[in-house]
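Worksheet for the structure shown next.
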Amino acid sequence: MNIVININENNSVPLYVQLYEGIRKEISEGRIEANTKMPSIRQMAKNLNMSKTTIENTYHQLIVEGYIYSKEKKGYYVSEINHTWLHPSTDKIVSANTNTTEKKIKYNLTNTYIEDSIFNETLWKKTIDKVISEKSKELLTQNNPQGEMAIREEIVKYIYQARGVFANTDQVIIGAGVQPLLFLLSNILSKFSNTKIGFEDPGFNRAKDVFINSPLELIPIDIKKDGIDMDCLSLAKVHACYISPSHQFPTGTVMPINKRSELIHWAESENAYIIEDDYNSEIRYQGRPIPSLQGLNRGERVVYLGSFSTVFLPSIRISYMILPYSLLKEYNNIKGTYAQTASKLEQLAIANYMKEGHFEKHIRRLKVHYSKKNEQVKKLIQEIFKDQAIIKGGDSGFNLYIEIKTQKLEKQIKEECIDKGIILNVLSDYTLKKNISKHPVIILSYKGIILSDLKKALEEIDFICFEKN
1 MNIVININEN NSVPLYVQLY EGIRKEISEG RIEANTKMPS IRQMAKNLNM
51 SKTTIENTYH QLIVEGYIYS KEKKGYYVSE INHTWLHPST DKIVSANTNT
101 TEKKIKYNLT NTYIEDSIFN ETLWKKTIDK VISEKSKELL TQNNPQGEMA
151 IREEIVKYIY QARGVFANTD QVIIGAGVQP LLFLLSNILS KFSNTKIGFE
201 DPGFNRAKDV FINSPLELIP IDIKKDGIDM DCLSLAKVHA CYISPSHQFP
251 TGTVMPINKR SELIHWAESE NAYIIEDDYN SEIRYQGRPI PSLQGLNRGE
301 RVVYLGSFST VFLPSIRISY MILPYSLLKE YNNIKGTYAQ TASKLEQLAI
351 ANYMKEGHFE KHIRRLKVHY SKKNEQVKKL IQEIFKDQAI IKGGDSGFNL
401 YIEIKTQKLE KQIKEECIDK GIILNVLSDY TLKKNISKHP VIILSYKGII
451 LSDLKKALEE IDFICFEKN
């Protein structure tokens, strides 16, 4: 088959990204049917007049995200995809198979994209081109299953300087997002006799989904005003606990030092492990960034997680995990059975970006831009909702926890918002237990939406919550 994708060589977006997004869209919207055989890498390169490396990187990313799969000695095929679970397109598309029209998204209030103005596309394209030029032979070899040494070296330096994390390169494991790393970790932890894992509730839903579908037994642990409920944790008798102490998601709670010390003591006395997801910890608007939990005891009982997706580019699926040496031996026993899921090109590009100081400049630019925007958004919410909304968190990250004093249920608000073309998340999307909050809670991300559009979206949400019946 021939695939026609519009490619703009003058665009600052790398060619493989343009091609990946074009093919993904064709598959997502059902224009390329499941189990269709894709052109070979050689044929695709010839058809589009591109290098084989560009096509290889495109296919690799599509495989990682589940859009295509490979059959040994037979080629690449389109995966079976449940299109009803995909995000609606920004355009109205009539499906020939279902004869339905997808709803148009007017306002996206989720944490899935960033503002165009905040990312230096030209500099990133130059970095990609430089890596392709200087590392062309390296790009033709298989990925290191643990991650490329270049990016592991830069991560070790960065997390020590920015987060106070102690690590050596042999402790760093790279993955295409946090989920593959947590899947790997759950298999390591399942080797122990106690397979119970505590999970902060509410908590990051993608991490929750991994543990639910793992050999581990997931135990919800309540969140209090100062972080995880230690009494609840002690009673749970778990062997590990997943937390985000520096910026709890989605509540925005920050764990104080006395509770951090208490948590470390719990892990040491119970011979347990803390899984520290350091989500958006670099983006703090008031005071200095809070040092990592891992640094308090040099990581002996802490597994540390970080990601480039939330603070750099959402499409860059590169995350990292720092394993304590007590778990590293088990990892080394099984790592040969796991293929590296992160793009080698992107790993090497980020390593170069960090080495030349561009990443730190990017973080500083984010802080300045979003610190101002954070205040503007909170002011906007107060103007529109008056005293009918309670804002929690907001000192860091790109999300606000908004409790709305309405009689409507969260599910009803979310469904009516979708009907109006507003995509957002609510608290129940992240909870294991029910009725955690007295009133419905919206988890608002202002990361990618411009203020004028956000104002219109909030006005529509206000009408939905308080319209007269």
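If you're matching positions, the sequence shown starts at 1 in the UniProt record's numbering and goes up one per residue. Ideal placement from N, C-alpha and C gives every residue a C-beta, glycine not left out.
Distance check for residue j and residue i, CA to CA, integer angstroms please.
i	j	result
residue 373	residue 23	34 Å
residue 89	residue 20	At residue 89, the pLDDT of 40 sits below 50, so the modelled position is not reliable; the number obtained from the coordinates is stated separately. Rounded to the nearest angstrom, the two C-alpha atoms are 16 Å apart.
residue 208	residue 255	20 Å
residue 459	residue 452	11 Å
residue 344	residue 161	25 Å
residue 226	residue 52	52 Å
residue 18	residue 175	22 Å
residue 199	residue 370	29 Å
residue 69	residue 419	34 Å
residue 37	residue 317	25 Å
residue 42	residue 131	22 Å
residue 455	residue 368	21 Å
residue 391	residue 378	8 Å
Three-state secondary structure (DSSP) at residue i?
i	result
residue 22	helix
residue 284	strand
residue 16	helix
residue 261	helix
residue 389	strand
residue 473	No answer is possible for residue 473: it lies beyond the span of the chain, which begins at 1 and ends at 469.
residue 342	coil
residue 92	Residue placement at residue 92 is flagged as unreliable, the pLDDT there being 37, under the threshold of 50; the coordinate-derived value follows with that caveat. Coil.
residue 403	strand
residue 316	coil
residue 87	Summary for residue 87: the model assigns pLDDT 44, below 50, so the residue's position carries little reliability; its value from the coordinates is reported in the next sentence. Coil, per DSSP.
residue 108	strand
residue 433	coil
residue 291	coil
residue 279	coil
residue 163	helix
residue 299	coil
residue 4	coil
residue 148	coil
residue 141	coil
residue 249	coil
residue 127	helix
Return yes when the Cβ of residue j is within less than 8 Å of the Cβ of residue i, no when it is not.
i	j	result
residue 252	residue 393	yes
residue 303	residue 283	no
residue 417	residue 461	yes
residue 322	residue 151	no
residue 167	residue 173	no
residue 440	residue 413	yes
residue 218	residue 197	yes
residue 290	residue 246	yes
residue 388	residue 408	no
residue 450	residue 425	no
residue 144	residue 334	no
residue 165	residue 305	no
residue 353	residue 54	no
residue 294	residue 395	no
residue 428	residue 109	no
residue 216	residue 261	no
residue 244	residue 201	no
DSSP puts residue i in a beta bridge; with which residues?
i	result
residue 321	173, 305
residue 461	The partner list for residue 461 (beta bridge, DSSP) is empty, contrary to what the question assumes.
residue 194	Per DSSP, none; premise fails for residue 194.
residue 426	442
residue 240	197, 273
residue 228	223
residue 75	71
residue 396	284
residue 37	77
With distances taken from CA atoms, which of the options is nearest residue i?
i	options	result
residue 298	439, 224, 29, 325	325
residue 185	465, 352, 332	332
residue 142	178, 238, 339	339
residue 359	71, 105, 307	307
residue 139	60, 153, 205	60
residue 115	398, 457, 280, 410	398
residue 50	317, 6, 316	6
residue 220	433, 4, 55	433
residue 222	305, 250, 216	250
residue 232	244, 263, 257, 205	263
residue 111	395, 267, 280	280
residue 365	120, 213, 259	120
residue 206	242, 192, 224	242
residue 117	463, 149, 457, 447	447
residue 29	154, 310, 67	67
residue 400	248, 213, 271	248
Cβ of residue i within 7 Å of any heavy atom in the ligand FAD?
i	result
residue 215	Summarising the ligand content, the structure contains no ligands, and the ligand FAD is consequently not present.
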